[in-house]
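Inspection log for the structure reproduced underneath, given as structure tokens.
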């Protein structure tokens, strides 16, 4: 079944003056008003800000200066700084923070209309948005379940047409896992492909910025806009940005796709999810694509390595929230040390504190070698698994998550169970390779998703295969 | 790996987080469970394996250290919680009462 781009469809309507950017924005604001209260997707709706951008977009269109995204309504995970717009990261410690600058990825969407900021686990630390100080975002398919996380607000908004697309962040799976749970497409890019300047940091050796939308073509359009080197983010590379949209539809038929046995042999893999992913593989085989079983032997060590590396980097990144430069300050502290301690104690939620303390411990003298250094060495083994596999195969297919969306509250008392929600997404994060989550059917009326992994900088091929899969 | 309450208190102190007695108890249990979980990394022999801290091979990225005026002092101070005469204002570093006694 052909899946056409929502962005291109709206682009045509806007350019042919069948609808104005202001009217389109008003439509989306009305949808938000209707649907948001039961889903809790938006943290803030910026009506005035959006209409101002829409008016400007209409002027650009009238003058013939429109680009591909001019006038298209979208949302940002509330982790992206926008000058003059409150940015909370889902945390009490940042409530009321108005950034004096705008994130590079957001600048590059120039012309598009930002409707408001959507929900995230606190500082993106979580897999369900339940750690957000604004409460969980509900799953659009079943309100008793989580939308996934940490980009749960953005995926719920895109799934229910409260926004055409969204920008999210993916550290250990925070775009792919919620995209899977809420039935939309989401791309984690190669580390360094998109600037993180202005996206609030969680774990800097893993954080990436990427698009969320309903179709692969829309992801490609957005990626083309936001990718590329940025002097304000020293981890971005001076590599040419490919024409991802033009590459779609041109998947080489002689490619070989790897099926990693460790992912399919996992004890917790739901049988319904497995069947849906195997159906995709069977359909692709019919089209003449070759498959090969491969082994990624260190897969089970990805989550434990991730939960040393990430908290370590978290403990460092969170040090800036000191109750002085921005955000929240405890009222009754009488001296500086008390300001730090009381502000951080009251401002941070449980999961953030858990990670800060774990990281502080893992980095402390006497434990550094046993935990942090060990985890960084295991990270090398996980990278090597992929390097070896990609000598034999061009791309890899896996389920995005082992199960469909879980119930709200189900994993909240068990941090490890929550961490294991990232079991299929964390390995690619540690290797810095791209990963695409694509819906591939439903089990018990809940969405199932297939994940496509490729070598670093293979976004074009990953999106090409994604396009074939979404049209099966 | 079991984390004692004393260790949790010490870590919280280093991380500048105030904990109640109940929280010390809770985190001592939770952090111990997580450390037990990550202990499975010790099943792997990593002798002679280089650690990975960067995945794309970039080494040092330099730019000129030049003053720009994209952010004004006024704008930056707007985010601050308390200011006085164009500066950030903070509580005293030493106990206020001691100061008063002097």
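Residue numbers (my numbering), protein chains in the order written: chain C, 11 to 482; chain G, 13 to 114.
The beta carbon of each residue, even a glycine, is placed where N, CA and C say it ideally should be.
(request) Report yes if the CB atom of residue 73/C is closer than 8 Å to the CB atom of residue 100/C, and no otherwise. (result) On the first chain, position 63 is the one that residue 73/C refers to. On the first chain, position 90 is the one that residue 100/C refers to. No, Cβ-Cβ distance for residue 73/C and residue 100/C is not below 8 Å.
(request) Could you pull the start and end residues of the beta strand (DSSP E) that residue 304/C belongs to? (result) Locating residue 304/C in the first chain gives position 294, where the first residue counts as 1. Segment 300-304, the beta strand (DSSP E) holding residue 304/C.
(message) Would residue 333/C and residue 313/C qualify as a contact pair, given that the criterion is a beta-carbon distance under 8 Å?
(response) Residue numbering aside, residue 333/C sits at position 323 when the first chain is read from its first letter. Residue numbering aside, residue 313/C sits at position 303 when the first chain is read from its first letter. Cβ distance not < 8 Å, so residue 333/C and residue 313/C don't count as in contact.
(request) Could you have a look at residue 461/C and say whether DSSP puts it in helix, strand or coil? (result) Locating residue 461/C in the first chain gives position 451, counting from the first residue. Residue 461/C falls in the strand class under three-state DSSP.
(message) Can you look up residue 49/G in the DSSP assignment and give me helix, strand or coil?
(response) Mapped onto the second chain, residue 49/G falls at position 37. Three-state result, residue 49/G: helix.
(request) Could you name the residues of the stretch 82-98 of chain G whose beta carbon sits closer than 9 Å to any beta carbon of chain C, in the order they occur along the chain? (result) From the stretch 82-98 of chain G, only 82, 83, 84, 87, 88, 90, 91, 92, 93 and 94 have a Cβ closer than 9 Å to chain C.
(message) Please return the same chain residues whose Cβ sits closer than 6 Å to the Cβ of residue 166/C, not counting the five positions on each side in sequence.
(response) Walking along the first chain from the start, residue 166/C turns up at place 156. Closer than 6 Å at the Cβ level, and outside the excluded window around residue 166/C, lie 49, 51, 147, 150, 157 and 192.
(request) Tell me whether residue 107/C sits in a helix, a strand or coil according to DSSP, three-state version. (result) On the first chain, residue 107/C is found 97 positions in, with the first residue counted as 1. Coil.
(request) Work out the CA separation of residue 307/C and residue 63/G for me, nearest whole Å. (result) As a first step, residue 63/G must be located in the second chain, where it is residue number 51. As a first step, residue 307/C must be located in the first chain, where it is residue number 297. Taking the straight line from one Cα to the other gives about 18 Å.
(message) Suppose contacts are defined by Cβ-Cβ distances below 8 Å. Is residue 383/C in contact with residue 325/C by that definition?
(response) Numbered from its first residue, the first chain carries residue 383/C at position 373. Numbered from its first residue, the first chain carries residue 325/C at position 315. Against a cut-off of 8 Å, the Cβ pair of residue 325/C and residue 383/C comes out as no contact.
(request) Can you tell me the Cβ-Cβ gap for residue 462/C and residue 446/C, rounded? I've got them flagged as a contact below 8 Å. (result) Against the first chain, residue 462/C aligns to sequence position 452. Against the first chain, residue 446/C aligns to sequence position 436. 5 Å between Cβ atoms; contact.
(request) Might you give, ordered along the chain, the residues of its own chain that have their beta carbon closer than 7 Å to the beta carbon of residue 41/C, omitting 5 neighbours on each side? (result) As a first step, residue 41/C is located in the first chain; it is residue number 31 there, counting from the start. Excluding positions up to five away in sequence, the list reads 171 and 172.
(request) Classify residue 196/C as helix, strand or coil using the three-state DSSP reduction. (result) Here residue 196/C is taken as the residue at index 186 of the first chain, counted from 1. The answer is strand: DSSP assigns residue 196/C an E or B state.
(message) On the DSSP letters alone, give me the boundaries of the alpha helix (DSSP H) that residue 294/C sits inside.
(response) Counting from 1 along the first chain, the entry for residue 294/C is found at position 284. Counting along the chain, the alpha helix (DSSP H) containing residue 294/C begins and ends at 281-296.
(request) Could you tell me whether the Cβ atoms of residue 194/C and residue 449/C are closer together than 8 Å? (result) Within the first chain, the letter at position 184 stands for residue 194/C. Within the first chain, the letter at position 439 stands for residue 449/C. Their beta carbons are under 8 Å apart, which means residue 194/C touches residue 449/C by this criterion.
(message) Strictly under 8 Å for the Cβ-Cβ distance: is residue 65/G near chain C by that measure?
(response) Locating residue 65/G in the second chain gives position 53, counting from the first residue. At least one chain C Cβ lies under 8 Å of residue 65/G.
(message) So if DSSP puts residue 533/C in a beta bridge, which residue, or which two residues, is it bridged to?
(response) Shown here, chain C extends from 11 to 482; a query on residue 533/C therefore has no answer.
(request) Take residue 436/C as the anchor and find which of 421/C, 392/C and 466/C has the nearest alpha-carbon. (result) As a first step, residue 436/C is located in the first chain; it is residue number 426 there, counting from the start. The option with the nearest alpha carbon to residue 436/C is 392/C.
(request) Indicate whether the contact test is met: 3 or more Cβ pairs, each with one atom in the stretch 220-229 of chain C and one in the stretch 327-346 of chain C, closer than 8 Å. (result) Judged by Cβ distances under 8 Å, the stretch 220-229 of chain C makes no contact with the stretch 327-346 of chain C, as fewer than three pairs qualify.
(request) Drop a sphere of 10 angstroms on the beta-carbon of residue 224/C, count the other beta-carbons inside from all chains shown, and report buried for 16 or more, exposed for fewer. (result) In the first chain, residue 224/C corresponds to position 214, counting from 1. So residue 224/C counts as buried.
(request) Consider the Cβ of residue 34/G: report whether some Cβ of chain C lies at a distance smaller than 8 Å. (result) As a first step, residue 34/G is located in the second chain; it is residue number 22 there, counting from the start. Look at residue 34/G: its C-beta is not under 8 Å from any C-beta on chain C.
(message) So that I know if they touch, is there some Cβ in chain G lying closer than 8 Å to that of residue 345/C?
(response) Counted from its first residue, the first chain places residue 345/C at position 335. Residue 345/C has a beta carbon lying within less than 8 Å of a beta carbon in chain G.
(message) Given this structure, state the Cα-to-Cα distance separating residue 81/G from residue 111/C, to the nearest angstrom.
(response) Taking the first residue of the second chain as position 1, residue 81/G is located at position 69. Taking the first residue of the first chain as position 1, residue 111/C is located at position 101. Cα to Cα, residue 81/G sits roughly 12 Å from residue 111/C.
(request) In the DSSP assignment, find the unbroken alpha helix (DSSP H) run with residue 449/C in it and report its ends. (result) Locating residue 449/C in the first chain gives position 439, counting from the first residue. Unbroken run through residue 449/C is the beta strand (DSSP E), 445-453; no alpha helix (DSSP H).
(request) Out of 21/G, 93/G and 28/G, state which residue places its alpha-carbon closest to the alpha-carbon of residue 11/G. (result) Because chain G here runs from 13 to 114, residue 11/G falls outside it and cannot be looked at.
(message) What residue range does the beta strand (DSSP E) around residue 87/C cover?
(response) As a position in the first chain, residue 87/C is number 77, starting the count at 1. Element bounds for residue 87/C: 83-87.
(request) Just the C-alpha distance for residue 181/C and residue 205/C, rounded to the nearest angstrom, thanks. (result) By 1-based counting over the first chain, the position of residue 181/C is 171. By 1-based counting over the first chain, the position of residue 205/C is 195. Cα to Cα, residue 181/C sits roughly 14 Å from residue 205/C.
(message) Using only the alpha-carbon positions, how far apart do residue 66/G and residue 465/C sit?
(response) Here residue 66/G corresponds to residue number 54 of the second chain, with the count starting at 1. Here residue 465/C corresponds to residue number 455 of the first chain, with the count starting at 1. Looking at the two C-alpha atoms, the distance is approximately 16 Å.
(request) Just the chain G side, please: which residues come within less than 9 Å of residue 312/C by C-beta, in chain order? (result) Start at 1 with the first residue of the first chain, and residue 312/C comes out as number 302. Ordered by position in chain G, no residue passes the 9 Å Cβ test against residue 312/C, which lies about 10 Å from the chain.
(request) Note down, in chain order, each residue of its chain lying with its Cβ closer than 6 Å to the Cβ of residue 369/C, except the 5 sequence neighbours on either side. (result) Counted from its first residue, the first chain places residue 369/C at position 359. Correct list, in chain order: 321, 322, 324 and 325.
(message) At 4 residues or longer, what runs of the alpha helix (DSSP H) sit wholly inside the stretch 295-371 of chain C?
(response) 312-327 and 346-357
(request) Can you say whether residue 344/C is buried or exposed, counting buried as having 16 or more other CB atoms within 10 angstroms of its CB? (result) Sequence index remark: in the first chain, residue 344/C carries index 334 (1-based). Residue 344/C is exposed by the Cβ-count criterion.
(message) Tell me the rounded alpha-carbon separation between residue 305/C and residue 273/C.
(response) Along the first chain, one-based indexing puts residue 305/C at 295. Along the first chain, one-based indexing puts residue 273/C at 263. Roughly 9 Å separates the two Cα atoms.
(message) Can you give me the C-alpha to C-alpha distance between residue 187/C and residue 428/C, rounded to a whole angstrom?
(response) By one-based count along the first chain, residue 187/C stands at place 177. By one-based count along the first chain, residue 428/C stands at place 418. Roughly 12 Å between the two C-alpha positions.
(message) With H, G and I counted as helix, E and B as strand and the rest as coil, what does DSSP make of residue 409/C?
(response) For this step, residue 409/C is matched to residue 399 along the first chain. In the three-state scheme derived from DSSP, where H, G and I count as helix and E and B as strand, residue 409/C is classed as strand.
(message) Quick check on residue 437/C: does DSSP put it in helix, strand or coil?
(response) As a first step, residue 437/C must be located in the first chain, where it is residue number 427. Here residue 437/C sits in helix by DSSP.
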